[in-house]
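**Q** Residue numbers (UniProt numbering), protein chains in the order written: chain A, 1 to 348; chain B, 1 to 348.
Built from N, CA and C at the ideal position, the CB exists for glycine as well.
Number of protein chains: 2
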Amino acid sequence: MQSPTRAKKKTKATSMDIAHRAGVSQATVSRVLRGSPLVNAETRRRVEEAVKELNYKVDRHASSLRTQRSGTLALLLFEDPTPDDSHINPFFLSMLGSITRACARHGHDLLVSFQQLSDDWHADYEDSMKADGLILLGYGDYLAYESKLAHLVAQGTHFVRWGPVLQGQPGISIGCDNAEGGALAGRHLVAQGRKKVAFLGDASTHFPEFFARYCGCDAALREVGLRMNPALQVDADSTEQAGYEAAQVLIARGLPFDAIFAASDLIALGAMHALKEAGLRIPEDVAVVGFDGTPMARFSNPPLSTVVQDTSKAGELLVDTLLQLVRDQPAQSITMAPTLQVRASSGG
Amino acid sequence: MQSPTRAKKKTKATSMDIAHRAGVSQATVSRVLRGSPLVNAETRRRVEEAVKELNYKVDRHASSLRTQRSGTLALLLFEDPTPDDSHINPFFLSMLGSITRACARHGHDLLVSFQQLSDDWHADYEDSMKADGLILLGYGDYLAYESKLAHLVAQGTHFVRWGPVLQGQPGISIGCDNAEGGALAGRHLVAQGRKKVAFLGDASTHFPEFFARYCGCDAALREVGLRMNPALQVDADSTEQAGYEAAQVLIARGLPFDAIFAASDLIALGAMHALKEAGLRIPEDVAVVGFDGTPMARFSNPPLSTVVQDTSKAGELLVDTLLQLVRDQPAQSITMAPTLQVRASSGG
DNA sequence: CTGAAAGCGCTTACAG
DNA sequence: CTGAAAGCGCTTACAG
Chain A
1 MQSPTRAKKK TKATSMDIAH RAGVSQATVS RVLRGSPLVN AETRRRVEEA VKELNYKVDR
61 HASSLRTQRS GTLALLLFED PTPDDSHINP FFLSMLGSIT RACARHGHDL LVSFQQLSDD
121 WHADYEDSMK ADGLILLGYG DYLAYESKLA HLVAQGTHFV RWGPVLQGQP GISIGCDNAE
181 GGALAGRHLV AQGRKKVAFL GDASTHFPEF FARYCGCDAA LREVGLRMNP ALQVDADSTE
241 QAGYEAAQVL IARGLPFDAI FAASDLIALG AMHALKEAGL RIPEDVAVVG FDGTPMARFS
301 NPPLSTVVQD TSKAGELLVD TLLQLVRDQP AQSITMAPTL QVRASSGG
Chain B
1 MQSPTRAKKK TKATSMDIAH RAGVSQATVS RVLRGSPLVN AETRRRVEEA VKELNYKVDR
61 HASSLRTQRS GTLALLLFED PTPDDSHINP FFLSMLGSIT RACARHGHDL LVSFQQLSDD
121 WHADYEDSMK ADGLILLGYG DYLAYESKLA HLVAQGTHFV RWGPVLQGQP GISIGCDNAE
181 GGALAGRHLV AQGRKKVAFL GDASTHFPEF FARYCGCDAA LREVGLRMNP ALQVDADSTE
241 QAGYEAAQVL IARGLPFDAI FAASDLIALG AMHALKEAGL RIPEDVAVVG FDGTPMARFS
301 NPPLSTVVQD TSKAGELLVD TLLQLVRDQP AQSITMAPTL QVRASSGG
């Protein structure tokens, strides 16, 4: 099909056109559009009419240039290393959804961008005035990340980060209580009579979120005199493939285990795959609990128990907090409480 | 945790500052930054050095105001009626991901926004100069939609729509060959020996995509002397809940059927739920095929056969085509070929 | 309550 | 190859 004949783009109406039509000065048009209280009601009416007739919209760039505010927030999503093109972590995808909604509710636009951890992102968006503030999202090696955050703080950039609230960390974070989430999983597994809980996911200071989940689970086991066995921990980043391979490694070690606590749902899903291939029954032989509360956890076979992070609320909090920062109001880091969703994978 | 003492925001460097520092005029700075060929190599070097030292970024609003180009594309995602806050259709979520990537590759920013079909979106983004062009995404009643598209064309707005390429439709579309997708499903079910294929999803001109899927499946059955039975069709929009309810309605009708072709994966997932509750075995009693190729299709129980739309390629094509339009280059609608992913739900 | 005027930070003819 | 100057479309003191 050929390109249809395109209507020649009409030259856009400006506030000058509105002024002429309404018989007022351009300044008055601007006052009406900004909702200034010092405009006569009748004048206002005439202007609004002209605006409607000419289908006028304020030019965003002119306005932002003058006010030095863009009315836009930027969401930077990190992925390092670059994953398969089509499969962004579903947890971040739902965050993206709720952040977009929260922005809309607050009358802001949202600029979305994927970044590599290695990129020179730390000085771009706000300096070029594209956005009034930044939302940072993504897994990745925290130690590599921290200096960039410090740089942002030094530059006076407004930003919030999704992630754990850590001692002395630069900037403000909104995050889930990962230790509590781990404890939820651990207590549940203990209640199911499990004693040998394996952990799939990196458990070091490079990934403080995973590490806290591990520690929380360990703490829960210790409440009843048990503990995590480091020999039952296998590194994995948050992909199905990594979970699959990690579970194979775990099985190959030949040590007995009766439960897997996976650092994310994606890891858990991959692990279940490997368990089934090895002829292990879920949950009879091995109970599995994931983390994140992603949509697909409900649909897996068997349905996956998971520690749920409320992405809706998280998105709202991220945007709220960032907007406070942008307005130079005091703001603080927030830790959210996770909940446990028990399903068949852990024999609930 | 209290807000950390924020470094006082330094006043941003402007091209004037760079000019002073490099000992040239502001105009020359601008030329260097825009890559103008008429700048002396040594001059260029000095300017670039100053830019680096002061960490200067071109002010986007000033630049856009002057050039009347924003370097930004807007993605409008329609949802009507408003669904549960957290669950955006996963198919659109992956489109969002691939569109974001494609934009980045082309050096454009992406503004994301959710819209209600009823909103006054048709004249906003481009008129306010926020974006150079629009990408339209979303399900919804096409008949309600069409007049808005015509309006966009009349206004000379640059846009592409994800959706079927229809006769005489306003504007340009990139879409999947839904009839072919339906045929793929139909032929496969026939090959599995199924004869009574039910269809879950609205099959009317209001939803041309679903309708084409239905017709394509029907055509495939007719190739072997069978046909779709309208009494085995139940309306459903693309949610799990609707699929669940539609399957219950179907079962309640009491007519025999040995396969379900669902208009989307979400519908299929909901339907499988209802089938299992009714004691029907998948695929022994009823084979199920979905549509979209969403990630969770792989994880369902049993894994769901589905007609796959390549979201990666779709995102790339949408952005490419829109950019052609923005540059006033000829562009055309494109129909993409779907593929069939056979899994256990259809006894493959 | 309203208008005239300055200025936000760029880009790009125009002149040299 | 470079600079001086106009102007993109607004917002907001300032004066009345």
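Closer than 7 Å between beta carbons: that is the criterion. Which residues of the UniProt domain "HTH lacI-type" (13-67) of chain B meet it against chain A?
**A** Hits within the stretch, in order: N55, K57, V58, D59, R60, H61, A62, S64, L65.
**Q** Could you list which residues in chain A have their beta carbon closer than 8 Å to that of D124(B), in chain order?
**A** Chain A residues near D124(B): K57.
**Q** Taking its Cβ as the centre, do 16 or more other Cβ atoms sit within 10 Å of N40(A), making it buried, or is it exposed?
**A** It is exposed - the Cβ of N40(A) has fewer than 16 other Cβ atoms within 10 Å.
**Q** Kindly say whether S70(A), judged by its beta-carbon, lies nearer than 8 Å to any beta-carbon of chain B.
**A** Output row for S70(A): interface = yes.
**Q** Could you name each continuous alpha helix (DSSP H) segment of 4 residues or more that falls completely within the stretch 243-278 of chain B, going from the start of the chain to the end?
**A** Runs found: 265-277.
**Q** Taking only the alpha-carbon atoms, compute the straight-line gap between F159(B) and T100(A) and give it to the nearest angstrom.
**A** Straight-line Cα distance between these residues: approximately 21 Å.
**Q** Which residues of chain A have a Cβ atom closer than 8 Å to the Cβ of G193(B), listed in chain order?
**A** What G193(B) touches in chain A: nothing, since even the nearest Cβ is about 25 Å away.
**Q** Output the boundary residues of the beta strand (DSSP E) element that contains I135(B).
**A** Per DSSP, I135(B) belongs to the beta strand (DSSP E) from 133-138.
**Q** What are the boundary residues of the beta strand (DSSP E) that M336(A) is part of?
**A** Here the beta strand (DSSP E) through M336(A) covers 334-336.
**Q** Have a look at P164(B) and N178(B) and give me their C-alpha separation to the nearest angstrom.
**A** Cα-Cα distance, rounded: 7 Å.
**Q** Tell whether a beta-carbon distance below 8 Å holds between L280(B) and S345(B).
**A** Result no, Cβ atoms of L280(B) and S345(B) do not sit closer than 8 Å.
**Q** Rounded to whole angstroms, what's the CA-CA distance from H20(B) to V47(B)? Just pull it up for me.
**A** Taking the straight line from one Cα to the other gives about 10 Å.
**Q** Put S94(A) into one of helix, strand or coil per three-state DSSP.
**A** In the structure shown, S94(A) sits in a helix (DSSP, three-state: H, G or I).
**Q** Just the Cα atoms here: how many angstroms apart are D218(A) and G171(A)?
**A** The alpha-carbon atoms of D218(A) and G171(A) are separated by roughly 29 Å.
**Q** Are the beta-carbon atoms of P295(B) and P90(A) separated by less than 8 Å?
**A** Yes. Within cutoff.
**Q** Using DSSP with H/G/I as helix, E/B as strand and the rest coil, what is T28(B)?
**A** Residue state, collapsed to three classes: helix.
**Q** Give the DSSP bridge partners of A183(A), in chain order.
**A** DSSP lists no partner for A183(A).
**Q** Please decide whether N178(B) counts as near chain A, where near means a Cβ-Cβ distance under 8 Å.
**A** No, N178(B) does not count as interfacial toward chain A.
**Q** Quick check: what's the CA-CA separation for L111(A) versus I88(B)?
**A** Roughly 18 Å between the two C-alpha positions.
**Q** What does the Cβ neighbour count give for T311(B), buried or exposed, with the cut at 16 atoms within 10 Å?
**A** So T311(B) ends up on the buried side.
**Q** Any beta carbon of chain A sitting closer than 8 Å to that of D320(B)?
**A** No, because no Cβ of chain A sits closer than 8 Å to the Cβ of D320(B).
**Q** Among G347(A), L318(A), V29(A), which residue has its Cα nearest to the Cα of R194(A)?
**A** Nearest of G347(A), L318(A), V29(A) to R194(A), Cα basis: G347(A).
**Q** On a Cα-Cα basis, can you pick out the residue from A236(B), F114(B), E180(B), R105(B) that is closest to F114(A)?
**A** When only C-alpha atoms are compared, the closest one is R105(B).
**Q** L93(A) CB to nearest chain B CB: under 8 Å?
**A** Judged by the 8 Å Cβ criterion, L93(A) is in contact with chain B.
**Q** Kindly say whether I88(A), judged by its beta-carbon, lies nearer than 8 Å to any beta-carbon of chain B.
**A** So, interface residue.
**Q** How is R105(A) classed by DSSP in three states: helix, strand or coil?
**A** The answer is helix: DSSP assigns R105(A) an H, G or I state.
**Q** If you check the beta carbons only, do L93(A) and D132(A) fall under 8 Å apart?
**A** No, they are not a contact pair.
**Q** Whose C-alpha, out of G175(B), V153(B), H151(B), is nearest the C-alpha of L137(B)?
**A** The option with the nearest alpha carbon to L137(B) is G175(B).
**Q** Using a beta-carbon distance below 8 Å, is V289(A) in contact with chain B?
**A** It does not: the Cβ of V289(A) has no partner Cβ on chain B nearer than 8 Å.
**Q** Starting from V160(B) and walking both ways along the alpha helix (DSSP H), at which residues does that stretch end?
**A** From DSSP, V160(B) is part of no alpha helix (DSSP H) but of the beta strand (DSSP E) over 159-162.
**Q** Label L38(A) either buried or exposed according to how many other C-beta atoms from any shown protein chain fall within 10 Å of its C-beta, with 16 as the threshold for buried.
**A** Counting Cβ neighbours within 10 Å, L38(A) comes out exposed, since fewer than 16 surround it.
**Q** Answer yes or no: does any C-beta atom of chain B fall closer than 8 Å to that of T100(A)?
**A** Chain B contact via Cβ: present.
**Q** In this structure, does DSSP put V112(A) in helix, strand or coil?
**A** Strand.
**Q** Just reading off the beta strand (DSSP E) that F78(A) is part of, what are its end residues?
**A** Residues 72-78.
**Q** For the pair the stretch 58-77 of chain B and the stretch 48-57 of chain A, tell me if three or more CB-CB distances fall below 8 Å.
**A** Output reads no: the stretch 48-57 of chain A does not touch the stretch 58-77 of chain B.
**Q** Take S333(B) as the anchor and find which of A268(B), S64(B), G23(B), G168(B) has the nearest alpha-carbon.
**A** Nearest option by C-alpha distance: G168(B).
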